[in-house]
Each structure stands twice: as structure tokens, then as C-alpha cells.
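Below is one structure; the comments refer to it alone.
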Amino acid sequence: MKAESIGGYFGAFYATGSDGQIYTWGQGANGKLGQSTAHNVMQPTVIDAEPKLVSIRFGDNAATNTSMSEGTWTATSPSGCGAAQITASWFQFDTQPTGQKIVKTNDYDFVWGSAPAVTSTPQDAAVTAGSNVTLTSSATGDPAPTVKWQRSSTAQGPWTDVSGQTSTTLTYGPTATEWVRAVFTNCVTQVATNPAKVSLLYSVTFNAQNGSAATTAMVADGGLLILPEAPTLAGYSFVGWATTADGATMFDPSTPVTGDLTLYAQWANVVHTVTFDAQNGSATTTAAVADGGTVMFPTVPSRPGYAFAGWATDPAGTTMFDPSSNITSDLTLYGQWTKDAAKYMISFDPQGGSAVASVEVVEGEVVALPEAPSRTGYTFAGWTTDAAGENAFDASMPVTGNMTLYGQWKKSTTSPGGGSGGGESGNGGDLTGNGGGGGQQTGNGNSEAGNASSAPNGRNLAATGGDPMVLFGVGALALVGSALGSILLLRRRQENG
228 MKAESIGGYF
238 GAFYATGSDG
248 QIYTWGQGAN
258 GKLGQSTAHN
268 VMQPTVIDAE
278 PKLVSIRFGD
288 NAATNTSMSE
298 GTWTATSPSG
308 CGAAQITASW
318 FQFDTQPTGQ
328 KIVKTNDYDF
338 VWGSAPAVTS
348 TPQDAAVTAG
358 SNVTLTSSAT
368 GDPAPTVKWQ
378 RSSTAQGPWT
388 DVSGQTSTTL
398 TYGPTATEWV
408 RAVFTNCVTQ
418 VATNPAKVSL
428 LYSVTFNAQN
438 GSAATTAMVA
448 DGGLLILPEA
458 PTLAGYSFVG
468 WATTADGATM
478 FDPSTPVTGD
488 LTLYAQWANV
498 VHTVTFDAQN
508 GSATTTAAVA
518 DGGTVMFPTV
528 PSRPGYAFAG
538 WATDPAGTTM
548 FDPSSNITSD
558 LTLYGQWTKD
568 AAKYMISFDP
578 QGGSAVASVE
588 VVEGEVVALP
598 EAPSRTGYTF
608 AGWTTDAAGE
618 NAFDASMPVT
628 GNMTLYGQWK
638 KSTTSPGGGS
648 GGGESGNGGD
658 LTGNGGGGGQ
668 QTGNGNSEAG
678 NASSAPNGRN
688 LAATGGDPMV
698 LFGVGALALV
708 GSALGSILLL
718 RRRQENG
């Protein structure tokens, strides 16, 4: 190895020997090894040298029993607690030919013991005013941590120590809703638990105001009230809860409860709707009926060709509605109908008599005959179904259609002593005409026989107020004059016998 001065004439040369020692030499003068300013020597072998430990310190305190083995130093720490910084100092020589001594340090973090670790946290609690609440918490650590309790009006603080409470169990009487936490401390660090909310409980009383039984509930300060099942009251519907008995202010369930409270049930009369479905009749209507009341029926509906039969609870009319029934729910009533029976017009033709009004008769019923008409000089003989009087009308037969009835007549007879010409004995005379002012015994020959049409063919006629009379027709025989009159007069005298 050739070593040259790096410091001028009096410079020195350094090299590290195989024994780890430092050698220096220079110009062969002034007690230095070497010759003049240059000296040829054998180049030494460069080897790595173990670093030399200077010290290991834990903060301000030095470690003891330091040793090194295969590049690892060991040491015994001084006594202590908590965190400390380890500083290791050592030196070694540069492996370059300059062989300079290099001093180095390294810093390490170190902690004596272990930080507190919370193993249980206090839980939210609620208590009525004036009562105590108990909270618990625990933690581990090395060394074992101490505990204190803190309280705050918010979950974020600021926090105030609860005086004298150093146990893992806290029992105290809160005066307001607040947050409480436990704080564990040892030489390593301090750890606080999550805060527990300690709420005051308020009593909520539900006054049903004559409804079903009142109830109570407890609600934490600031909490929301869970309303109970709605109460019931016969004849009324539940409207809601109010903060006053008169219902002036209704309670809002979304409002936080911040104190004791009484709520009052509010009621409204139950009103049911009754719907009247006329089923093809006049318009459907409705009626409002108080719970338990009876229904007031509307005007009877109408339907052409039908008669209203009443209201039923089903469309088919299986169950007719009882008007005295108490209404306890909404209801639909259905109109029931019966088809009108056919009606027929019965006309009366008096055939020369006084007018008779027509009558309407329901199919299947009988005709109530009117008062007999009148005709001067004639007696009403009855009604027939034909003008000629061939078919007498039977008033006991049911009506099956429209018809016209025809009045039949017989000529009236004259009382004894009647006048001439028109009566049986003439005007003012007796049956023989005596004293009668020129009357004839046979009158005009029409006394009892009258016109042939008054009692044709000797048939019985239905007459109102008159007796049936058998009339003997003379057929085709042309009996005229006094012969016919004599026959009739003789018959009358025999009848009067």
C-alpha cells in the first residue's frame, strides 16, 4: 500500500491494522515512520471491523448489562413506567483506506407497561327524578389503571369530574338528562369510555274521558311518546289526544317529551251512513244516523209500472229491514218492487139514459157497478155486454180486459086513473079509462110490452134497483089495437087481483 500525505509536509498517514489498531506514519522526520514524503509499503487487507457500542440510554437513564452478539446488542433497562426514547450510540471505522472513525446513533420508541384497555362501557339509563342510577365500567392495563367519572350536558363535553367517584361502579341521582363517562389512567396513557346517556323519565297519563280505561306511560326526557291503542266509547269515534280536556290543543306525537304530561281523549259522535238504493226506482239517497239511532226513511220512491214494497237489507229482498232496528254501522237498503197488475177501463153506455162515468178496474177484480142511470118514462133494466141486450153482464165475473156495458130499459107503466094516450089507462083515468078525459084502456099499446127493445125476447136483465121482468114477445103475430090492449089489461087485473 502506498500512503501519501494528505496534510502537506508534516501530514500523517493512517491505516487500520489487522489487529484493529490504527497506525499512522508520515515523512521520516520528527519521529514519524516513513521516508521522505512517500513511502512504499505493502497494501494492507481491508477487513470489516465490529462497531463499538458507546451507550444505550432510556431517556435520561443509561441501560446496564449491555452486550453484543452477532450484531445484536442487549441491555437491561432501568426501572420506569410509560413511554421513553431509547438512544443507542456506537462508532466504527470507515472501511475505506482513510480509515476514519465514524460515530452513529439510533433512536427507538419504548414503553414500560401497557395502556388501559376498556373491557366494559357504561350503558344508557333512565330514571325518574329523585331516584338513583347505577353505571359500571372496567378496563385492564399495566400497571392497573385508576378510574374517575365525568359528566356533561352534551355527548361531546366539556366534561366535569364527578367528585369522589373513583370506583368502577357509579351510583348517583341525576337532576337532569346528561351524559356520563369513565376515564381510566395509568403511567402509559389515559383512556375514556364512550359516554352513556342518563335520561330523566317523565310520566304521561292518558285520560280517556269516559272511554275505556285510562293508562300511563314513562318516557325518557327528550324521547318520543308511543301512543297506546285507541280507547273506545259507545256511540262515539275516537278523534285523538289533546293536551287539554276541551281539545283546544291536539297532541303532536312527533314532539319530544320534556316533562310530566296528561293527555285527554277527544271524541266525536259516531255517524253512520244509510244508503237507500231504489233499484231502478227514483234516485238513490243517503241519510246520516247517529250510532244506535233509528233511520228516517226518505220519500217513497217511484217506478213506472211497479208498486213499492219496502226496503230490504239485500238486493234480492230476502230480509226485509225492520224500521225499529238500531243502526250501528254503515248500511245499504234496497228498494223492493211488485209489478203493477193490469188495469182495464170499463165504459158505460146508458143508451139514452143519464151519463155514467167510466171506471178503472184491476185485472182479476170485479166491477163495482155505478148507480143506475135514469131515463124519463123508462125503468132501468140492467147492463149488457152488447147494445141489443142479448148478453146480460155478470157482475161477479173478474175483469180481464177493457169493455163497454150498455144500459137496458123497460118502458114505465102509468098509475091507475092516469090520463089519455101515454099510460095504461090514458091520462087521468083508471085502468079502464073511466073518468080519464078520453083515455084508452090500452094507452098507446105500449104499456107493459112497450117497445120491443125494452125487454127483447123475454130475457132476464141485470138492473140496478129494478126487478127482473119476463116479457112475452108476440113474435111475428101482428096483434094490434084493442086486442093487444085487452090482453095486457086482463093480465094486469089478474096480477092486481
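Last residue of the sequence shown: 724 (the numbering used here), numbering continuous. Think of the CB as a built atom: it goes at the ideal place given N, C-alpha and C, for glycine as much as any other residue. Computed from a predicted model, the values in this text were never measured in an experiment.
Residue i versus residue j - alpha carbon distance
| i | j | result |
| --- | --- | --- |
| Pro401 | Gly450 | 17 Å |
| Arg408 | Ser481 | 29 Å |
| Phe471 | Ala403 | A small fix is needed here, since residue 471 is Thr in this sequence, not Phe. About 26 Å. |
| Thr395 | Ser365 | 6 Å |
| Leu454 | Ser380 | 28 Å |
| Thr346 | Thr373 | 14 Å |
| Leu427 | Gly340 | 41 Å |
| Ala614 | Pro528 | 44 Å |
| Tyr335 | Asn413 | 22 Å |
| Ser430 | Asp448 | 10 Å |
| Ala469 | Asn496 | 17 Å |
| Val389 | Thr489 | 35 Å |
| Cys308 | Tyr399 | 34 Å |
| Ala290 | Asp369 | 21 Å |
| Thr301 | Val354 | 58 Å |
| Lys637 | Phe607 | 6 Å |
| Gly670 | Glu587 | Residue placement at Gly670 is flagged as unreliable, the pLDDT there being 38, under the threshold of 50; the coordinate-derived value follows with that caveat. Straight-line Cα distance between these residues: approximately 43 Å. |
| Glu617 | Gln635 | 10 Å |
| Asp541 | Asp487 | 53 Å |
| Pro343 | Val484 | 39 Å |
| Ser184 | Val415 | Within the shown structure, residues of the chain are numbered from 228 to 724, placing residue 184 beyond reach of any answer. |
| Val446 | Asp473 | 24 Å |
| Trp538 | Gly520 | 17 Å |
| Thr332 | Pro422 | 45 Å |
| Ala543 | Ala569 | 24 Å |
| Thr393 | Val338 | 26 Å |
| Glu598 | Tyr605 | 16 Å |
| Gly628 | Phe548 | 37 Å |
| Thr476 | Leu397 | 42 Å |
| Thr420 | Ala461 | 55 Å |
| Asn507 | Gly562 | 9 Å |
Other residues of its chain near residue i: CB distance less than 7 Å, five sequence neighbours each side excluded
| i | result |
| --- | --- |
| Phe620 | Trp610, Thr611, Thr612, Leu632, Ala689 |
| Val418 | Ala342, Pro343, Val345, Ala366, Phe411 |
| Gly677 | Unreliable placement is indicated for Gly677, whose pLDDT of 37 sits below 50; no coordinate value is reported for it. |
| Ser358 | Gly400 |
| Val701 | With a pLDDT of only 34 at Val701, under the threshold of 50, the placement of this residue in the model should not be trusted; the figure read from the coordinates follows. Hits under 7 Å: none found. |
| Met523 | Ala514 |
Residue nearest to residue i in terms of C-alpha spacing, selected from the options
| i | options | result |
| --- | --- | --- |
| Trp406 | Ile283, Trp564, Gly384, Pro305 | Gly384 |
| Thr545 | Tyr533, Gly532, Pro531, Leu560 | Leu560 |
| Ala517 | Tyr429, Thr500, Ile283, Asn288 | Thr500 |
| Leu452 | Gln436, Ala435, Phe478 | Phe478 |
| Thr348 | Gln392, Val410, Thr387, Thr555 | Val410 |
| Thr555 | Gly562, Phe524, Ala382, Tyr463 | Tyr463 |
| Ser284 | Thr299, Ile313, Ser551, Ser294 | A quick correction: the sequence has Arg, not Ser, at residue 284. Considering only alpha carbons, the answer is Ile313. |
| Thr526 | Ala539, Thr420, Ala505 | Ala505 |
| Leu596 | Ala539, Ala584, Gly604 | Ala584 |
| Trp376 | Leu362, Asp369, Pro483, Pro370 | Leu362 |
| Tyr571 | Val626, Thr420, Arg602, Val446 | Val626 |
| Ser623 | Ala419, Gly591, Leu558 | Gly591 |
| Gln578 | Thr299, Arg602, Phe548 | Arg602 |
Cβ-based neighbour list, residue i, same chain, cut-off 8 Å, excluding 5 preceding and 5 following
| i | result |
| --- | --- |
| Thr459 | Gly438, Ser439, Phe465 |
| Gly532 | Lys566, Asp567 |
| Asn553 | Gly519, Gly520, Thr521 |
| Ala703 | Annotation note: pLDDT 34 at Ala703 (below 50); position unreliable, no value reported. |
| Ala371 | Asn413 |
| Ala382 | Trp406, Pro422, Lys424 |
Other residues of its chain near residue i: CB distance less than 6 Å, five sequence neighbours each side excluded
| i | result |
| --- | --- |
| Val425 | Ala352, Val360, Pro401, Glu405, Val407 |
| Ala441 | Phe433, Asn434, Ala435 |
| Ser509 | Pro528, Ser529 |
| Ala444 | Val431 |
| Phe575 | Val583, Leu632 |
| Ala356 | Leu427 |
| Trp386 | Gln377, Ser379 |
| Ala492 | Ala435, Gln436, Gly438, Pro458 |
| Asn727 | Outside the displayed span of the chain (228 to 724) sits residue 727, for which this structure offers no information. |
| Thr502 | Thr513, Thr559 |
| Gly467 | Met477, Gln493 |
| Asp557 | His499, Thr500 |
Supposed contact pair residue j and residue i - C-beta distance, whole angstroms, cut 8 Å
| i | j | result |
| --- | --- | --- |
| Thr565 | Ala534 | 5 Å |
| Ile573 | Val594 | 5 Å |
| Ala514 | Val498 | Rounded, the Cβ-Cβ distance is 10 Å, inconsistent with contact. |
| Ser581 | Pro550 | At roughly 49 Å, the Cβ-Cβ gap does not stay under 8 Å, so Ser581 and Pro550 are not in contact. |
Cβ of residue i within 7 Å of any chain B Cβ
| i | result |
| --- | --- |
| Ala440 | In summary, chain B is missing from the structure at hand, where a single protein chain is found. |
Which parts of the segment 408–453 are runs of the beta strand (DSSP E), unbroken and 3 residues or longer, counting only runs that do not cross its ends?
Unbroken beta strand (DSSP E) stretches of 3 residues or longer found wholly inside the segment 408–453: 417–419, 423–434, 442–447, given in chain order.
Complete runs of the beta strand (DSSP E) confined to the segment 599–625 [at least 3 residues]
Contiguous beta strand (DSSP E) elements confined to the segment 599–625 occur at 605–611, taking only those with 3 or more residues.
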